[in-house]
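K.L.:
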Amino acid sequence: MTAAPLHIAGQRLMLDPAGFAIWPAEKLLVVSDLHLEKGSSFAARGSFVPPYDTRETLERLALALRRWRPERLVLLGDSFHDRHGCARLHPSDCAALQRMLGTLAEVVWVLGNHDPEPPVGLPGIAMAEFRRGPFVFRHIADPARGLPPGELSGHYHPKATMPVRAGAVTRPCFLTDGRRLLLPAFGAYTGGLEVRDPAIATLFPRGGRAFLLGPERLYSFPTGPLRGAAREPELAGPSLQSG
Numbered sequence: 001m002t003a004a005p006l007h008i009a010g011q012r013l014m015l016d017p018a019g020f021a022i023w024p025a026e027k028l029l030v031v032s033d034l035h036l037e038k039g040s041s042f043a044a045r046g047s048f049v050p051p052y053d054t055r056e057t058l059e060r061l062a063l064a065l066r067r068w069r070p071e072r073l074v075l076l077g078d079s080f081h082d083r084h085g086c087a088r089l090h091p092s093d094c095a096a097l098q099r100m101l102g103t104l105a106e107v108v109w110v111l112g113n114h115d116p117e118p119p120v121g122l123p124g125i126a127m128a129e130f131r132r133g134p135f136v137f138r139h140i141a142d143p144a145r146g147l148p149p150g151e152l153s154g155h156y157h158p159k160a161t162m163p164v165r166a167g168a169v170t171r172p173c174f175l176t177d178g179r180r181l182l183l184p185a186f187g188a189y190t191g192g193l194e195v196r197d198p199a200i201a202t203l204f205p206r207g208g209r210a211f212l213l214g215p216e217r218l219y220s221f222p223t224g225p226l227r228g229a230a231r232e233p234e235l236a237g238p239s240l241q242s243g
C-alpha cells in the first residue's frame with residue numbers, strides 16, 4: 001500500500017489506504033470508529049448478522065500495527081459499538097487485543113457517543129479528548145468549541161463519490177481542509193455519510209479535499225461542485241499536500 005503525506009499545523013501526517021493516519025514524528029497511529037461488537041449488539045436486538053466483525057477489525061488493526069510499528073495508538077472514539085461492548089468480547093478476541101495493545105508505550109481511548117465509558121480490563125487511558133503538540137484528537141469535530149492549529153476526529157464515517165469515465169465510485173474517505181482532518185470509520189460493519197451532507201459540509205465551509213480509500217493507494221479530489229465532464233481522480237502521490 002502507498003500512503004499519502006498530508007501537512008497540517010507544520011506536521012507531516014501519512015494517510016494510509018487502510019483507513020488510518022500516522023504521525024511519524026511521534027510514532028503515533030490514529031484510527032477511528034472501530035465499532036467492535038456491533039454484530040453482537042444487533043443480535044441482542046434480534047437482528048442476526050455474521051458475528052465476525054470484531055475479529056476482522058482486530059486483524060486489520062494488527063496488520064496496521066505490524067506495518068508501521070508505532071509506539072503510540074490513539075483511538076478516536078466509538079471503539080466499541082455500545083457501552084457494554086467490551087464485556088461482550090470473546091475471550092480470544094479480548095486476549096488478542098490485550099496482546100496487541102500491550103506492545104505499545106501509550107494507548108489513548110478517546111470516548112465516543114457509542115462508548116462514553118472507558119473499556120474495562122484493557123491497556124490505556126481514556127479521556128474526552130487528547131492533545132499532543134499542535135493537535136487535538138476528538139471523537140466529534142465541533143466548530144463551537146473552536147479549532148486549534150490541527151484537529152483530528154471521526155464520528156461521521158465520511159464517504160465520497162468520485163465521477164469517473166465509467167460512471168462513479170463511492171468509497172470511505174479522509175476529508176481535510178488543511179487544518180481539520182476527518183477520518184473514515186475503520187470497523188468492518190460501519191456505513192458512511194456522504195461528505196456533502198450538511199452535518200459534514202458545515203465543518204468545511206470553504207470546501208476541502210477528499211482522499212478515497214483504494215485497495216493499494218488513495219485517490220484525491222476537491223469536494224467542491226464538479227462541473228463539466230466526469231474526470232479521473234488524482235492519485236495521491238508523494239508530493240501531495242493539503243491547503
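Quick note: the sequence shown uses UniProt numbering, first residue 1, plus one each step. All residues carry an ideal CB built from backbone N, CA and C; glycine is no exception.
If you count every other CB in all the chains shown that lies within 10 Å of the CB of Thr223, and 16 or more means buried, which is it?
P.N.:
Buried is the call here.
K.L.:
Considering only residues of the same chain and omitting the five flanking positions on each side of Ser40, which have a CB-CB separation below 7 Å?
P.N.:
Correct list, in chain order: Pro51 and Arg88.
K.L.:
Taking the alpha carbon of Leu65 as the point to measure from, which residue in Pro119, Leu175, Val136 and Ile22 has its own alpha carbon closest?
P.N.:
Comparing Cα positions, the closest option is Ile22.
K.L.:
Specify the secondary structure class of Pro158 as computed by DSSP and reduced to three states.
P.N.:
Correct three-state label for Pro158: strand.
K.L.:
Would you verify that the beta carbon of Pro70 is, or is not, closer than 8 Å to some beta carbon of chain D?
P.N.:
Looking at the structure shown, chain D is missing, and only one protein chain is on hand.
K.L.:
According to the neighbour-count rule (16 or more other Cβ atoms, all chains shown, within 10 Å of its Cβ), is Arg69 buried or exposed?
P.N.:
Classification of Arg69: exposed, given that the 10 Å Cβ count is below 16.
K.L.:
For the putative contact between Cys86 and Leu122, defined by C-beta atoms under 8 Å, what is the C-beta separation to the nearest angstrom?
P.N.:
7 Å between Cβ atoms; contact.
K.L.:
Output the residue ranges of the beta strand (DSSP E) runs that lie fully inside the UniProt domain "Calcineurin-like phosphoesterase" (27-123) and measure 3 residues or longer, sorted by chain position.
P.N.:
Runs of the beta strand (DSSP E) inside the UniProt domain "Calcineurin-like phosphoesterase" (27-123): 28-31, 72-75 and 106-110.
K.L.:
Are Leu61 and His139 closer than 8 Å when you measure CB to CB?
P.N.:
The answer is no: Cβ separation not under 8 Å.
K.L.:
Are the Cβ atoms of Gly112 and Ile8 separated by less than 8 Å?
P.N.:
Going by C-beta atoms, Gly112 is not nearer than 8 Å to Ile8.
K.L.:
Nearest to Val169 by alpha carbon, out of Thr176, Ala160 and Leu175?
P.N.:
When each option's Cα is compared against that of Val169, the closest is Ala160.
K.L.:
Based on DSSP bridge pairs, tell me the residues matched to Asp177.
P.N.:
In DSSP, Asp177 forms no bridge with anything.
K.L.:
Looking only at its own chain, which residues have a Cβ that is under 7 Å from the Cβ of Gly102, when we skip the five neighbours before and after it?
P.N.:
Same-chain partners within the cutoff: Pro123.
K.L.:
Helix or strand or just coil, what does DSSP make of Ala9?
P.N.:
If DSSP states are grouped into helix, strand and coil, Ala9 belongs with coil.
K.L.:
Can you give me the start and stop residues for the beta strand (DSSP E) that Ile200 sits inside?
P.N.:
That residue, Ile200, is in no beta strand (DSSP E); its alpha helix (DSSP H) goes Pro198 to Ala201.
K.L.:
In this structure, what does DSSP give as the bridge partners for Thr170?
P.N.:
Answer is Thr161.
K.L.:
Straight-line CA distance for Arg209 to Cys94?
P.N.:
Approximately 37 Å, taken between the alpha carbons.
K.L.:
Buried or exposed: which applies to Ile200, given that a residue is buried once 16 or more other Cβ atoms fall within 10 Å of its Cβ?
P.N.:
Under this definition Ile200 is a buried residue.
K.L.:
Once you ignore the five residues that flank Leu58 on each side, which residues in its own chain have a CB closer than 8 Å to its CB?
P.N.:
The answer, listed in chain order, is Leu36, Asp93, Ala96, Leu97 and Met100.
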